[in-house]
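Step one of this worksheet: look at the structure below.
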Amino acid sequence: DQLKKELIVTAWEKNRIQEKVSFGKRTSLPISQQRKELPVYNMRSKLIESIKANQFIVIVGETGSGKTTQITQYLNEEGFSENGMIGCTQPRRVAAISVAKRVSEEVGCELGGEVGYNVRFDDRTSRKTKIKYMTDGMLQRETLLDPMMSKYSVIMLDEAHERTVATDILFALLKEAAKARPELKIIITSATLDSEKFSKYFNDCPVINIPGKTFPVEVMYSQTPQMDYIEATLDCVMDIHINNDAGDILVFLTGQEEIDSCCEILYEKVKTLGDAIGELVILPIYSALPSEVQSKIFEPTPEGSRKVVFATNIAETSITIDGIYYVVDPGFSKVNSYNPRAGMEQLIVSPISKAQANQRKGRAGRTGPGKCYRLYTESAFYNEMLPNTIPEIQRQNLSNTILMLKAMGINDLLNFDFMDPPPRNLLLSALSELYNLEALDGDGYLTKLGQRMSQFPMDPTLSRVMLSSVTNECSDEISTIIAVLSVQNIFFRPRDKQQQADRQKARFNHPYGDHLTLLNVFTQWEKAGGGQQFCEINFLHGRHLKRARDVKDQILSIVNQLHLPIVSCRGDVDIIRKTLVTGFFMNAAKREPSVGYKTIVGNTAVGIHPSSSLFGKEYEYVIYNSLVLTSREFMSQVTSIEPEWLLEFAPHYYKAIDNNSKSRKKLKLAPLHDRYAKNQNSWRLSSIRQSREK
Ligand code: ADP
Ligand code: MG
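Next up, the structure:
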C-alpha cells in the first residue's frame, strides 16, 4: 500500500538489468563538477566578453545546456551584481521557483539570500539578493513603479521563444529602458532558432549559439491518425517498457486531470505485468503540483528500474529531466484562447506546432541516442501543423496588460513597439472592457479608479470589485473571496470518496452561491484555528487555504498602501453580492427554462457547473466568475443577484426593456449597445486621443 501511494511498481526483469544499467546509469558528481560538464561552461568567456561589449545579446541553446542556471552565476562571479541585481525572468512560476532553488544550492546559500525568487503573491528575496529569478509577469509589474529597471544591472529574458504576453511587453519596455540606461544589459535566451527575429528586433544584436551535446533521436510516426490519444499514449508507454532497452520515458499531455488519470490507469496496467517485467516509477509534473512532489522527478531512477514522467508542456523547455531516452508525443497542448466576440477565455486542447514537436523530440537526445514516438502521422506533421506557436499576445484577453500600459502612461497602443502586434479586435475588446469597468474614461485616459486598479496584480474585474468593496464597506469579506478565487480549488474530492466529499462540501454551501460559500469555508477554517485536522474532516486542501490567507494579506497590504480602509460588513450578504456586481456585471446570465441560462451579453446558452453550490437551484439572475467549456458551456463560481442591481451599478452598460410586465420580478435587461458597436466607439475615442497627442 505504501508503494501504491508512491505510484511505484516493482521489479525490472533481473538479468536484463545487469546488461543494461550501465547504459542508463546516473552520475552523482559533486555540484561544482556537474557545472563544468554543462555545454555552456565552455562558452563562459565568450559570453562574458560579448555581454560586456554589447547592450543586447540573444543566446540560443538546447534545453538543458545550462543557460538558466549558469549564466546568472557567471555574471555574478564576474562582478555584474555590484551595480544592481541580475534578474532572470521565466514564463512559469514553477520554473522560477525550481530554478532559484537549484541555483541557491549551487551557490551554496539559502533560498532568499544571495539567490531568490519573486512570483505573484510570493516574494523570496531580501536585501542580500543578487540573483533574482521571477516570472515575467512580476517584472512587468515592477516596470510600473520603476520603468528604468534601476535595481538591475542585467536582465535576462529567459525562454523568450514561449512568447508570453508579459515577455512580449517586456521586449518593448526593456528596449526603452536600455535607451535611457546604456549600462543596462539585456539578454534574450531562446531554445529555438527564432533568433534572427529577436536579433532584428533588438537592433541587430549579436546571436550566440551554445553548441549542445545532443545525440540523434529516431522519430517514429503513427501509421494512421489516433482516435483516442490517451489510449494510444498508454499503449505506447507499455510497449516501450516491455520491449525496449533501459532509459526513462517522458510523455507530454495537456493538463493536470489528464496526467493524474493516466498515472492511475498506467499504475493499474503495470501491476498486471507480474514479476518478469521490471519496476516502473510513474511520476507526474505540472504547475499545480506541490514543489516537494515536483522535485521527485529530478531524483535519479533507482538502479535497474525505469521512470516515466507525465508532463505538461512545462517539460518542453522550462524544466530539464536527465536520463530521458524515450519521448512520447501525442501532439497536443492546452492553449489559452480568448474569444472577444463572446467575451470569454477558453482553455482549448489544440495541436502543437512543428517547433514544439521538435522541441519535444529533442528531450530524448540529451543523455544518449533516443527515440521519439509521435502519435500522429508524418503527413499531419508536415502538412497540418503550424511552423510556430502563435504568440499569446495575439490570442489572449489583454485587458490586464493594457491597464498596466495605460498606468505607465503608454496610451498610443497603435504605435507601441510590439514584436508582433495583437489583432485589432483583441485591443478593441480590452479597451472596451476597461472602459466599462470605468478604469478608462471616454477619451481612453486612465481614471483615478483605473490608476488604483492597476496596483493590484489581478484581473481588472477583480481589482474593480476590490475597490468597490472599500466604498461599500466590505473590503474584509471581499478580499477573502478574491484571495480564495486566486488560489487553486480549496475543495478536495478524491476519486474514491467523491460522495463523502460532496456531502461535506454541501454543509458549507451558501444559498446565494459560490462566492459566499468560499467566504464561509475560509471564515470557518480560520475560526477553527486554520489547522490540518479541520481540513481533513471537511475535505479541504489546507495548503491552498493557507496560500489564500497569504494572498489575502498581500491584497490588504496593497489596500493599506493606497491608504484605504479595511472594513467588515459582518457578513451582510446583500452588500457583498452588490459589490460583486460592480465588477462582474458583464458576466451576467438570465434563466431560460429550456436551456438553463443564457448570458445577457451574447445570448449564449450556459449551465451552472455541477460543482457549484447553485447547481439545481433556480434563481432568475446570476453572475459568474468564468465560463468553462467541457461537455457544454458552464458557468463557474456563480452567485445569484437581483436584476435591479445591474441597472444600479452598471447604468452605462444595461437598459431595462419594457415588455409590458407589471411585476417588478419580471424586469428584463439588455446591454445598451451591441458589444461590437461599443468597441468601435471606444476605439474611436482612443484614436481621438492619439491624434490629439500628435
Ligand atoms: P537550460 O536553461 O539551458 O535549459 P538549465 O540551466 O535549466 O538549462 O539546466 C542545466 C542543468 O542543470 C540540467 O541539465 C539539469 O541537469 C540541472 N538542473 C536544472 N534544474 C535542476 C533541478 N531543479 N534539480 C536538479 N538538477 C537541475
Ligand atoms: Mg532554461
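For UniProt numbering, count along the sequence shown from 1 and bump the result up by 443.
Glycine included, every Cβ here is placed at the ideal spot set by N, Cα and C.
| Asked | Found |
| --- | --- |
| Span separating the alpha-carbon of ALA454 from that of LEU716 | With a pLDDT of only 26 at ALA454, under the threshold of 50, the placement of this residue in the model should not be trusted, and no figure is reported. |
| Coil, strand or helix - ARG1013 by DSSP | coil |
| CB contact flag (GLN699, THR760, <8 Å) | no |
| Cβ pair count under 8 Å reaching 3, the stretch 605–618 against the stretch 548–566 | no |
| Option in LEU880, GLY885, ASP902 with minimal Cα separation from LEU892 | LEU880 |
| Beta-carbon spacing of GLN498, LYS640 below 8 Å | no |
| Contact set for residue 433: own chain, Cβ-Cβ below 6 Å, skip 5 residues either direction | The requested residue 433 is not part of the displayed model; the chain covers only 444 to 1137. |
| Among GLU525, ALA850, THR914, the one whose alpha carbon lies nearest that of GLU585 | ALA850 |
| Whole-angstrom distance between GLU520 and GLY527, CA atom to CA atom | 13 Å |
| Extent of the continuous alpha helix (DSSP H) to which TYR710 belongs | 699–714 |
| Other residues of its chain near THR568: CB distance less than 8 Å, five sequence neighbours each side excluded | GLY555, GLY559, TYR560, ASN561, LYS575 |
| Residues of its chain near PHE645, where Cβ-Cβ distance is below 6 Å and the 5 sequence neighbours each way are ignored | PHE499 |
| Contact under 8 Å by Cβ, LEU871 with LEU877 | no |
| Contiguous alpha helix (DSSP H) assignments of at least 4 residues, all confined to the stretch 765–821 | 797–805 |
| Reduced DSSP category for PHE466 - H, G, I as helix; E, B as strand; rest coil | Because PHE466 carries a pLDDT of 32, less than 50, the predicted location of this residue cannot be relied on, and no value is offered for it. |
| Heavy atom of the ligand MG within 7 Å of GLU602 beta-carbon | yes |
| The ligand ADP heavy atom lying under 7 Å from the CB of PHE658 | no |
| Straight-line gap, residue 1138 to GLY507 (C-alpha atoms, nearest Å) | A question about residue 1138 goes unanswered here, because the residues of the chain that appear run from 444 up to 1137. |
| Cα-Cα separation between THR966 and ARG1020, rounded to whole angstroms | 17 Å |
| Cβ-heavy atom distance, LYS510 to the ligand MG, below 7 Å | yes |
| Separation of ASP863 from LEU869, as counted between CA atoms | 13 Å |
| Cβ-based burial, LEU1072 [other Cβ within 10 Å; buried from 16] | exposed |
| Nearest to VAL680 (by Cα), restricted to the options PRO903, LYS814, LEU1057 | LYS814 |
| Host beta strand (DSSP E) of GLU578 (start-end) | Looking at the sequence itself, residue 578 is Thr, so the reference to Glu does not match. THR578 -> beta strand (DSSP E) spans 574–578. |
| Beta-carbon contacts of SER465 that lie in its chain and below 8 Å, excluding the five residues immediately before and after | Reliability of the predicted coordinates at SER465 is poor, the pLDDT of 29 falling under 50, and the value obtained from them is presented with this limitation in mind. Cβ neighbours of SER465 beyond the five flanking positions: none. |
| GLN513 CB to nearest heavy atom of the ligand ADP below 7 Å | yes |
| Backbone CA spacing between VAL792 and PHE934 [nearest angstrom] | 25 Å |
| Heavy atom of the ligand ADP within 7 Å of SER541 beta-carbon | yes |
| Limits of the unbroken alpha helix (DSSP H) element including THR844 | 842–850 |
| Beta-carbon proximity check, PHE861 vs ILE998, cutoff 8 Å | no |
| Length at least 4, wholly inside the stretch 603–652: the alpha helix (DSSP H) runs in chain order | 608–623, 638–644 |
| TYR825 burial status per 10 Å Cβ neighbour count (16 or more: buried) | exposed |
| Sufficient close CB pairs (3 or more, under 8 Å) joining the stretch 740–749 to the stretch 594–603 | no |
| Segments assigned alpha helix (DSSP H), at least 4 residues, entirely inside the stretch 486–547 | 487–496, 510–520 |
| Burial state of LEU588, where buried means 16 or more other Cβ atoms lie within 10 Å | exposed |
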